[in-house]
Amino acid sequence: MNPGRDAVSVSELNAYIKTMVDADDFLASVAVRGELSNYKAYPSGHHYFTLKDTESSIRCVMFRYAAGKLRFRPESGMAVIVFGRVSVYPRDGAYQLYCEAIIPEGSGDLQAAYEQLKAKLEAEGLFAKEHKKPIPRYPERIAIVTSSAGAAVHDIIRVLRRRWPVAKLILLPVRVQGAEAPPEIAAAIRYASAHKIADTLITGRGGGSMEDLWCFNDERVARAIYDCEIPVISAVGHEPDVTIADFVADLRAATPSNAAELAAPDMAELIQAIDTANARLARAVGKKLLRSREALDALAQRRVIQSPTGFIAERRLRLDTLRGRLAACGGFVDKERGRLDALAVRLNAAADASAARRKGALAALAAKLDAMSPLKVLSRGYAIAMDEQGRALKDAGKIKTGARLTVRLERGSVGCRVEDTYGE
479 MNPGRDAVSV SELNAYIKTM VDADDFLASV AVRGELSNYK AYPSGHHYFT
529 LKDTESSIRC VMFRYAAGKL RFRPESGMAV IVFGRVSVYP RDGAYQLYCE
579 AIIPEGSGDL QAAYEQLKAK LEAEGLFAKE HKKPIPRYPE RIAIVTSSAG
629 AAVHDIIRVL RRRWPVAKLI LLPVRVQGAE APPEIAAAIR YASAHKIADT
679 LITGRGGGSM EDLWCFNDER VARAIYDCEI PVISAVGHEP DVTIADFVAD
729 LRAATPSNAA ELAAPDMAEL IQAIDTANAR LARAVGKKLL RSREALDALA
779 QRRVIQSPTG FIAERRLRLD TLRGRLAACG GFVDKERGRL DALAVRLNAA
829 ADASAARRKG ALAALAAKLD AMSPLKVLSR GYAIAMDEQG RALKDAGKIK
879 TGARLTVRLE RGSVGCRVED TYGE
């Protein structure tokens, strides 16, 4: 310790350390691997976070001008590589990493941005099948949103002119590459939808790298396609190229030429189909006419057609014959009715005689039955002795002394007890 040395302030010390750190070439440009923690994006546009590994951490800041270049959304827990410089923040006396760029570790930033946006829009339902609109089969107007200078527009126009020359083609020229492309494409799609300028809309471009096709992975373009009231066919790049626009569009085409094929039918095929249908219709009509002519000829040969009055005269003769038969039947009916009346008189007389004979026989039988009735015997002073079970007694030898008996008289009954019995 040197008491004679001049003391410095805290600000001077921090400034000195900052100068020393800024002068280090290694710290002026570093790439640091780590995991994002406490990542926050402030309304000012600046991003603040911590980069850490298993043993250490460092504070980081990414100013608005650098954060605006990010193609994906950094999140806490994401493994990344951060590019920037190390310097000292004099106010706090702490060093930190001033970031210029961030890329996800293991994949490029474009791929990470693609996967993030895809997951987000899919969760919101922008890819759902129920939102897909059908493509008109016979469009009258077709809008094309693409570059007017690219090969894609010429391919689309060439195919449409060959397949469906009756359609009106409306070109909305836009840039399909660069930072200005996404807002231009989205604006053109929204214009076409708002003014209903077409029945079908094709948007896309020719092949290229992921960077070249990136405008069709932009969220603004995706939402414009989703909101479009006109059915949209996405035709971006070649068959292997798949963009966010392909997922949102109502129909995906492998190439711009394929989009034109999907947007309109082939007129030559339609004409051939119409000719075939006309031929089949003509044959069917010819057969129908032939059958109808044969049926008409058969009717013309019938007698009722050739001689209507003769037919009526024949029917009149048949009617007269039937009337004669009916009159004859009337006389026969009257004769039979007389016979039936006479027979009915004879049957009634026979029935009355039979009833009288049967009534006399019944009276005789009733008299005999009355004479044989036991009750009739009682009226002559006789009585009937019965045991306790109500059975008539016939043998005095079978009756015990002291038995109770019931004696039935003509009028009423009397009870008695046996004191003695006498045999024959």
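Okay, so the sequence shown: first residue is 479 according to our numbering, each after it adds one.
We put the CB at the ideal spot given by N, CA and C, even for glycine.
Pair within 9 Å by beta-carbon distance, residue i and residue j
| i | j | result |
| --- | --- | --- |
| P614 | T678 | yes |
| V558 | P521 | no |
| I620 | I663 | no |
| L604 | L575 | no |
| L595 | E707 | no |
| N492 | G562 | no |
| R882 | E866 | yes |
| L588 | R549 | yes |
| P651 | S671 | no |
| N695 | A723 | yes |
| R653 | A645 | no |
| M540 | E513 | no |
Assigned secondary structure, residue i (DSSP; H/G/I helix, E/B strand, else coil)
| i | result |
| --- | --- |
| Y900 | coil |
| M498 | helix |
| G656 | coil |
| K876 | helix |
| L595 | helix |
| K646 | strand |
| S857 | coil |
| K530 | strand |
| L691 | coil |
| P786 | helix |
| A485 | coil |
| G685 | coil |
| F504 | helix |
| E814 | helix |
| Y616 | coil |
| R641 | helix |
| K611 | coil |
| E662 | helix |
| R794 | helix |
| G603 | coil |
| G555 | coil |
| I675 | coil |
| R549 | coil |
| D696 | coil |
8 Å contact criterion, which residue i and residue j should meet: CB distance rounded
| i | j | result |
| --- | --- | --- |
| S507 | S554 | So it is not a contact: roughly 26 Å between Cβ atoms. |
| A870 | V885 | Actually they are not in contact, since the Cβ atoms of A870 and V885 sit about 11 Å apart, beyond 8 Å. |
| E739 | V637 | 6 Å |
| A630 | G682 | 6 Å |
| Y543 | F527 | Contact doesn't hold; Cβ gap of about 17 Å is too wide. |
| G419 | G685 | This structure cannot speak to residue 419, because the chain is shown only from 479 to 902. |
Which residues DSSP lists as bridging residue i, in chain order
| i | result |
| --- | --- |
| H525 | A519, M540 |
| M864 | A870, T884 |
| F561 | A509, A579 |
| I680 | I622, I711 |
| Q574 | S565 |
| S535 | K530 |
| V892 | V885 |
| L514 | L529 |
| P651 | T624 |
Residue i Cβ short of 8 Å to the ligand SAH heavy atom set
| i | result |
| --- | --- |
| I722 | In the structure on display, the ligand SAH does not appear, and there are no ligands present to speak of. |
C-beta neighbour in chain E for residue i, strict 9 Å
| i | result |
| --- | --- |
| R569 | Protein chains in the displayed structure number just one, and chain E is not present. |
Query - Every unbroken beta strand (DSSP E) within the stretch 701–784, with a cutoff of 3 residues, ordered by chain - result: Qualifying beta strand (DSSP E) stretches, in chain order: 710–714.
Query raised in the report: Can you list the alpha helix (DSSP H) stretches of 4 or more residues lying completely in the stretch 818–842, in chain order?
Result: Counting only runs of 4 or more, we get nothing.
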